[in-house]
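Enquirer: This is the structure, below, for whatever I ask next.
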Amino acid sequence: MTIKQRYEGVIAYFQQAMPVAESELNYENPFQLLVAVILSAQCTDKRVNITTPALFEAFPTAEAMAQASAEEIFPYIRSISYPNNKARHLAGMARMLVEEFGGEVPSDLKELQRLPGVGRKTANVVGAVVWQKEVMPVDTHVFRVAARIGLVRGAKTPLQTELQLERHIPSHLLPIAHHWLILHGRYTCTARNPKCDKCGIKGLCRDFSIKNGGK
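Residue numbers (the numbering used here): 177 to 391.
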């Protein structure tokens, strides 16, 4: 199977099986999504969704959060992984939004990455979800699933995975393809004990083929 055939088959499957695929983070506006994505680093969306209602009630806008110190934010996110660092990031991010962007989340990905706590993946997630930017955010699920299926070859870093996926997936499908791979990794192609018996693309999967005597 060529790489082109594998991509075509995987895309065709998801277009039929998962025509609607969205972020599982709860949010009402770009600011809330940005906060949730920052909190989601090395933490489950489920835990973030449990945490954010009280946080957003206390700090509903960038202006409100910008008035708070990291110490004031910390109690609301203490159950999240790395709460001290993330509290500092949220306080700094909100202040920069207010001081440099009028309290609005910038749509430019390079500007987004200037914000405390916002790296390439976080900026790409916000850009893809809010503004349908044609980018491929790579989290742990995307990194694992893309390698297992055989969509990428020899990728050692999230950036290498991102660039290979963006090279082969039609640009207009990148925002939804990001969710396809995340949700597939979260519920089917899990890190431990992947549910190959329930997988609709096992016939296209390089890892499944190798395990069953193929190449």
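Each residue gets a CB set at the ideal place from its N, CA and C atoms; glycine is no exception.
Whole-angstrom Cβ separation of residue 309 and residue 351, contact assumed at under 8 Å?
Expert: Right, the Cβ-Cβ distance comes to about 7 Å (below 8 Å), so this counts as a contact.
Enquirer: Output the distance between the C-alpha atoms of residue 361 and residue 219, rounded to the nearest integer angstrom.
Expert: Looking at the two C-alpha atoms, the distance is approximately 15 Å.
Enquirer: Am I right that residue 236 and residue 306 are in contact with their C-beta atoms under 8 Å? What's the rounded C-beta distance?
Expert: No, residue 236 and residue 306 are not in contact; Cβ-Cβ is about 18 Å, not under 8 Å.
Enquirer: Tell me where the alpha helix (DSSP H) around residue 354 begins and ends.
Expert: Where residue 354 is concerned, the enclosing alpha helix (DSSP H) stretches over 350-363.
Enquirer: Quick one: Cα of residue 392 to Cα of residue 327, how far?
Expert: As displayed, the chain neither begins before 177 nor continues past 391, which places residue 392 out of reach and without an answer.
Enquirer: Based on Cα-Cα distance, which residue from 261, 285 and 290 lies nearest to residue 275?
Expert: The option with the nearest alpha carbon to residue 275 is 290.
Enquirer: Which same chain residues, not among the five before or five after residue 221, have their C-beta less than 7 Å away from its C-beta?
Expert: For residue 221, where only same-chain residues beyond five positions count, the Cβ hits under 7 Å are 200 and 201.
Enquirer: Buried or exposed: where does residue 215 fall if 16 or more other Cβ atoms within 10 Å of its Cβ makes it buried?
Expert: That one is buried.
Enquirer: From residue 256 to residue 204, what distance separates their C-alpha atoms?
Expert: Looking at the two C-alpha atoms, the distance is approximately 20 Å.
Enquirer: Do you know whose CA, among 247, 357 and 294, lies nearest residue 193's CA?
Expert: Nearest of 247, 357 and 294 to residue 193, Cα basis: 357.
Enquirer: Per DSSP, what kind of secondary structure is residue 196 in: helix, strand or coil?
Expert: In this structure, residue 196 counts as coil in the three-state DSSP scheme.
Enquirer: Helix, strand or coil for residue 252 per DSSP?
Expert: In the structure shown, residue 252 sits in a helix (DSSP, three-state: H, G or I).
Enquirer: How many angstroms separate the CA atom of residue 180 from the CA atom of residue 344?
Expert: So the two alpha carbons sit approximately 8 Å from each other.
Enquirer: Distance, Cα to Cα, residue 188 vs residue 212?
Expert: Approximately 31 Å between the Cα atoms of the pair.
Enquirer: Mind checking whether residue 375 and residue 321 have CB atoms under 8 Å apart?
Expert: Their beta carbons are not under 8 Å apart, which means residue 375 does not touch residue 321 by this criterion.
Enquirer: Between residue 372 and residue 325, which are expected to be in contact by the criterion C-beta below 8 Å, what is the C-beta distance as a whole number of angstroms?
Expert: Going by Cβ atoms, the distance from residue 372 to residue 325 rounds to 12 Å, so no, they are not a contact pair.
Enquirer: Quick check on the burial criterion: 16 or more other C-beta atoms within 10 angstroms. Buried or exposed for residue 443?
Expert: What is shown of the chain runs 177 to 391, which leaves residue 443 out entirely.
Enquirer: Hey, would you say the C-beta of residue 305 is under 7 Å away from at least one heavy atom of the ligand ADP?
Expert: Within the structure as shown, the ligand ADP is missing, as the structure has no ligands at all.
Enquirer: Residue 302 and residue 210 - do their beta-carbons sit closer together than 8 Å?
Expert: Contact: yes.
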